[in-house]
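When you read off a place in the sequence shown, starting at 1, and then add 1, the result is the number in the working numbering.
C-beta: ideal position from N, C-alpha, C; glycine also.
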Amino acid sequence: MEDSAWAAVAREAEARRTMAAGKSLAQLNTEAVAAARAGQHVTAVATWTLLFEAASSRGLAHPGMHTARLNRSSSLLKLGLHTPAREDADVAIALLVAAMPGCHTDLLKRSPPPEAHPGPSQAL
Numbered sequence: 002m003e004d005s006a007w008a009a010v011a012r013e014a015e016a017r018r019t020m021a022a023g024k025s026l027a028q029l030n031t032e033a034v035a036a037a038r039a040g041q042h043v044t045a046v047a048t049w050t051l052l053f054e055a056a057s058s059r060g061l062a063h064p065g066m067h068t069a070r071l072n073r074s075s076s077l078l079k080l081g082l083h084t085p086a087r088e089d090a091d092v093a094i095a096l097l098v099a100a101m102p103g104c105h106t107d108l109l110k111r112s113p114p115p116e117a118h119p120g121p122s123q124a125l
């Protein structure tokens, strides 16, 4: 399952790459959130992947990037991609810790029960 899901994400990202090139991080995030809310998790993951690539290549940072990472993590889980979902969650925690010096990281590592998660957030 993981190989086929990753292959679908890679194909979708490649198909969207040219269209995404001129968009802002906020625009890409809005599209990814809409796709996730519509249950189109391959499109959502591909779009968030393009967002992270754009941020890296443009040397951009955004204070809400941890939320995008957590949202992609959620969509990755829905695609059965557990290891990459955990990796995204770990990156999100690292971003939060970096943004909030002195915070209690043990609180950030506790996840609410799945039923408590409201779905993708529109942070960017």
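Tell me which residue opens and which closes the alpha helix (DSSP H) that S52 is part of.
Sequence inspection shows Leu at residue 52; the Ser mentioned does not correspond to that position. First-last of the alpha helix (DSSP H) with L52: H42 to R59.
Taking the alpha-carbon of H63 as reference, which of A36, N30, A45 and A16 has the nearest alpha-carbon?
N30
State the Cα-Cα distance for the pair H42 and P102, rounded to the nearest angstrom.
33 Å
For T44 and R18, what's the separation of their Cα atoms in angstroms?
12 Å
First and last residue of the alpha helix (DSSP H) that includes A36?
L26 to R38
Report back the beta-carbon spacing between L97 and H67 to the nearest angstrom; my notes put them in contact at under 8 Å.
5 Å
Identify, in the order they occur along the chain, each residue of the same chain with its Cβ nearer than 6 Å to the Cβ of S74, setting aside the five sequence neighbours on each side.
A86, D89 and A90
Output the boundary residues of the alpha helix (DSSP H) element that contains H63.
Taken as a continuous stretch (DSSP letters only), H63 belongs to no alpha helix (DSSP H), as it is neither H nor E.
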